[in-house]
Amino acid sequence: MERHFDAELKDLNNDILKIGTLAQEAIYKSIESLKDRDKDRAKTVIEDDKKIDELELVIDEKCLDLIARHQPMAKDLRFITTGMKLNNELERIADIAVDIAQRVFELADKPLLKPLVDIPRLTTIAQDMVKTAIDAFIKGDIELARRVLLADPEADKLRNSIQKELVEEYMVKDGSASPRAVQLLLIARFLERICDHATNIAEDIIYMVKAQVVRHHPERLKG
Amino acid sequence: MDKNIKMKAQDINFFYGKHQALKNVNIDIYANQVTALIGPSGCGKSTFIRLFNRMNELIPHTTLKGTVSLDDTDINAPSIDPVQIRRRVGMVFQKPNPFPKSIFENISYGLKVNGIKDPDFIEEKVVKSLKRAALWEEAKDRLNDSAFKLSGGQQQRLCIARCLAVESEVILFDEPCASLDPVSTAKIEELILELKKDYTIVIVTHNMQQAARVADYTGFFLLGELIEFGKTQDIFTAPKDKRTEAYITGRFG
């Protein structure tokens, strides 16, 4: 039986996909602006973030409204509460894209410290994780969610090795390189945070689909 | 029997004539907990709850197979007096059913039927029961008024007070709030949560939010079968059976 409520859930679903798309776009543009040292493009990331903030508020309000009016149960309840969490995670991801874009202003006019190798790799992982997490949401696919969770340690490792290289090879050896090295360090940190948010999304989706809490319990993933 | 289990229904099959209303139902009712029975109309939940105090045998042409126990006693054993069972297992119905007597007499009646004559004891019991049923403040100045002068919600609390006076151990509620407004409903729900400290409570309700609010355990009935039984939180956030899921999310039909 199709309920009126289903149409409202579909509408919420579409909004979450929309904020997901906007967040992915923000990451993409911030990374491109960093690669191309393109301050104009970086600016658009910062400006577009306002739209994402607005949409976050709209989605939050819709979720609260659905809970208050329909008092949803079971998978409806899990869908809406997960939607609320995804909404916040995706908005935070977009904020991090803004953080990255802001680094572009610090770096664009200065010579490149070093050819970027690991940061683009970390970027690819972060983008993949976010995309896969959103796909997992669209399809309600636990396997995809699991894949996101399994990718996270790789991101952590890469961040650590970037940090080690920047500190040991640049900051310690040549103090004048520090300002640029710090910017790159921050970017690596931001990318790793994006991976963490993707991980949260994946965990939330496993709860939404299976009603199983894997947050803080990695051992439950195996089952 | 596990001492946490107050009542137990085992292998219950129940028939109205040839029509089978309950099929192989097994359930444990935990002491000092609220157990809610939910399900669509005609699913057998009201028939089932009436088995706990032998109310179905008042209906002609019914057959019960299976065992219902209270503590360790088979309540349908030949030696058992159904009146005693109904004292120990009280019932509150959908429509409040006060006796056509005063508020005071509604409560003292059960005591007198049980052979208690001491007027001081009776008065004390009436006051205590009304207080416990959260009706005292509203009723204390009109104890000799007809019970019919009370509002629906007050009448329902009077019926609860009646169970308390005769020291029921289990209270069965069959749709107790179906004819009440939201404020009276909230009062009954508060009372149920308060009473579970000392009583074991089973409630049949059409209102799933009510089950979610008051019950510790919930059972879902469909076409005479107990489809799923478990902790209320699990039933309402993560039901295991597709039919439970469909019913509680309103996709049924």
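Protein chains in written order, with our numbering: chain V, 3 to 225; chain G, -6 to 246.
In this text, a Cβ means the ideal position worked out from N, Cα and C, and glycines have one as well.
Note that the coordinates shown come from a computational prediction; the quantities given were computed from them, not determined experimentally.
Exposed unless 16 or more other CB atoms sit within 10 angstroms - verdict on residue i
{"i": "G/K105", "result": "exposed"}
{"i": "V/R182", "result": "buried"}
{"i": "V/I140", "result": "exposed"}
{"i": "V/I29", "result": "buried"}
{"i": "G/E52", "result": "According to the sequence as given, residue 52 of chain G is Ile; it is not Glu. By the 10 Å Cβ count, G/I52 comes out exposed."}
{"i": "G/F245", "result": "exposed"}
{"i": "V/P220", "result": "exposed"}
{"i": "V/F192", "result": "buried"}
{"i": "V/T23", "result": "exposed"}
{"i": "G/D65", "result": "exposed"}
{"i": "G/S161", "result": "buried"}
{"i": "V/V174", "result": "exposed"}
{"i": "G/A14", "result": "buried"}
{"i": "G/S144", "result": "exposed"}
{"i": "G/P169", "result": "buried"}
{"i": "V/E49", "result": "exposed"}
{"i": "V/K64", "result": "buried"}
{"i": "G/P91", "result": "buried"}
{"i": "V/A103", "result": "buried"}
{"i": "V/R222", "result": "exposed"}
{"i": "G/T237", "result": "buried"}
{"i": "G/R125", "result": "buried"}
For residue j and residue i, the rounded distance between their alpha carbons
{"i": "G/I42", "j": "G/S95", "result": "29 Å"}
{"i": "G/N69", "j": "G/I(-2)", "result": "18 Å"}
{"i": "V/A25", "j": "V/R5", "result": "31 Å"}
{"i": "G/I153", "j": "V/D55", "result": "53 Å"}
{"i": "G/S62", "j": "V/Q214", "result": "36 Å"}
{"i": "V/D101", "j": "G/F222", "result": "50 Å"}
{"i": "G/K142", "j": "V/A76", "result": "42 Å"}
{"i": "V/L59", "j": "G/I22", "result": "45 Å"}
{"i": "V/L160", "j": "V/D198", "result": "13 Å"}
{"i": "V/D111", "j": "V/R39", "result": "8 Å"}
{"i": "V/R43", "j": "V/L118", "result": "19 Å"}
{"i": "V/L109", "j": "V/V184", "result": "10 Å"}
{"i": "V/R148", "j": "G/I164", "result": "48 Å"}
{"i": "V/V216", "j": "G/V197", "result": "35 Å"}
{"i": "G/G217", "j": "G/Y240", "result": "15 Å"}
{"i": "V/E156", "j": "V/T84", "result": "26 Å"}
{"i": "G/A179", "j": "G/A171", "result": "12 Å"}
{"i": "V/D130", "j": "V/V47", "result": "19 Å"}
{"i": "G/I255", "j": "V/L79", "result": "Shown here, chain G extends from -6 to 246; a query on residue 255 of chain G therefore has no answer."}
{"i": "V/R21", "j": "V/F107", "result": "Note that residue 21 of chain V is Ile in the sequence shown, not Arg. Roughly 26 Å separates the two Cα atoms."}
{"i": "G/A132", "j": "G/L186", "result": "22 Å"}
{"i": "V/L11", "j": "V/I82", "result": "8 Å"}
{"i": "V/A200", "j": "V/T134", "result": "9 Å"}
{"i": "G/N137", "j": "G/A127", "result": "18 Å"}
{"i": "V/P122", "j": "G/R206", "result": "52 Å"}
{"i": "G/P112", "j": "G/H199", "result": "41 Å"}
{"i": "V/I33", "j": "V/L124", "result": "11 Å"}
{"i": "V/N15", "j": "G/S177", "result": "38 Å"}
{"i": "V/R105", "j": "V/L36", "result": "8 Å"}
{"i": "G/M0", "j": "G/R80", "result": "15 Å"}
{"i": "V/L146", "j": "G/Y192", "result": "49 Å"}
Where residue i meets chain G, residues with beta-carbon distance less than 9 Å
{"i": "V/R261", "result": "Residue 261 of chain V lies beyond the range of chain V shown here (3 to 225); nothing can be said about it."}
Distance cut-off 7 Å: residue i Cβ against heavy atoms of the ligand FMN
{"i": "G/D67", "result": "Of ligands this structure carries none, so the ligand FMN is not represented either."}
Beta-carbon gap between residue i and residue j smaller than 8 Å
{"i": "G/G108", "j": "G/C156", "result": "no"}
{"i": "V/I95", "j": "V/I208", "result": "no"}
{"i": "G/A208", "j": "G/A29", "result": "yes"}
{"i": "G/T225", "j": "G/T211", "result": "yes"}
{"i": "G/A204", "j": "G/I31", "result": "yes"}
{"i": "G/P71", "j": "G/R47", "result": "no"}
{"i": "G/V27", "j": "G/L219", "result": "no"}
{"i": "G/T40", "j": "G/F7", "result": "yes"}
{"i": "V/Y172", "j": "V/L88", "result": "no"}
{"i": "G/P89", "j": "G/Q148", "result": "yes"}
{"i": "V/Q73", "j": "G/Q202", "result": "yes"}
Listed by chain order, chain G residues near residue i by CB distance under 7 Å
{"i": "V/R213", "result": "According to the sequence displayed, residue 213 of chain V carries Ala and not Arg. By Cβ distance, chain G contributes T230, A231."}
Listed by chain order, chain V residues near residue i by CB distance under 9 Å
{"i": "G/E238", "result": "M75, A76, K77"}
Closer than 8 Å at the beta carbon, the chain V residues around residue i
{"i": "G/I241", "result": "M75, A76"}
The region 192 to 221 of chain G: positions lying closer than 8 Å to chain V by Cβ: Residues of the region 192 to 221 of chain G with a Cβ closer than 8 Å to any Cβ of chain V, in chain order: M201, Q202, A205.
Selection of the region 61 to 93 of chain V by Cβ proximity to chain G, strictly under 8 Å: Listed by position, the residues of the region 61 to 93 of chain V near chain G (Cβ gap below 8 Å) are Q73, P74, M75, A76, K77, D78, L79, R80.
Under 8 Å (Cβ pairs) to chain V, residues found in the region 153 to 183 of chain G: Only those residues of the region 153 to 183 of chain G whose C-beta falls short of 8 Å from the nearest C-beta of chain V would be listed, and there are none.
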